[in-house]
Amino acid sequence: MGVAYAWIVRGSFTPGVSSVVHTRFQPTDSDMKLTVDKGFFRTKEDVLDDIRASGFWPTTYISDASPELPLHWHDGDIIGYVMEGETYLLDENSERIPLQAGDRLNIPAGAVHAEGEVTDKVVYIVTMRKCIPMMEGLMMLDPAAYPDPTHLQLDPALLAQLMPSSS
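Numbering that gives the first Met the number 0 applies: residue 0 is where the sequence shown begins, and numbers increase by one.
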């Protein structure tokens with residue numbers, strides 16, 4: 000059904016972050032595919048109802064005009080709702096998936112993806128399974144440095160070295 004993982008990230012796309020210890024429960028490969036539900040909602044109330052049903056923690060994220068991001072993955076599940084604007088999402092094969100207001104993005108932990116070029120502004124409501132600071136939850140992990148999160152299986156001896164007990 001899944002495996003627990005732990006790893007140290009040295010260097011990331013996130014400014015000011017040199018290394019972070021991550022742990023997570025890894026779903027199966029079939030659960031790691033991102034999906035986009037086109038025209039999923041019409042109103043903010045539709046979004047809020049979906050958020051309540053998911054149990055995820057919401058915040059607002061605004062992408063101002065910016066170039067296409069590099070492919071990356073996150074160590075937590077993310078559901079995003081495009082509230083305003085349009086762009087595209089790149090999947091693990093760099094295929095473009097158009098995004099516009101009304102679309103819902105489901106990005107499971109470990110799913111390789113990237114936000115495309117933003118020419119004006121895109122407003123999202125972003126939700127995460129864990130209640131953590133937004134930029135921690137959205138930290139972009141480089142697939143070149145960590146190409147296959149499923150190969151990072153937890154080794155109890157390594158975990159003991161990384162996180163020694165305080166006794």
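Note that CB positions come from ideal geometry on N, CA and C, so glycine has one too.
Between valine 122 and threonine 59 the beta-carbon gap is near 7 Å, inside 8 Å, which marks them as a contact. CA-to-CA, the gap between valine 35 and glutamate 116 works out to about 17 Å.
For valine 111, there is no enclosing alpha helix (DSSP H), since its DSSP letter is neither H nor E.
In chain order, Arg95, Ile96, Pro97, Leu98, Gly115 place their CB closer than 7 Å to the CB of tyrosine 87, counting only its own chain and leaving out the 5 sequence neighbours on each side.
Annotated as distal: glycine 79 and threonine 42, with beta-carbon spacing of 9 Å or more.
Within 10 angstroms of the beta-carbon of glycine 38 lie fewer than 16 other beta-carbons, which makes it exposed.
Here the alpha carbon of alanine 144 sits roughly 16 Å from the alpha carbon of leucine 68.
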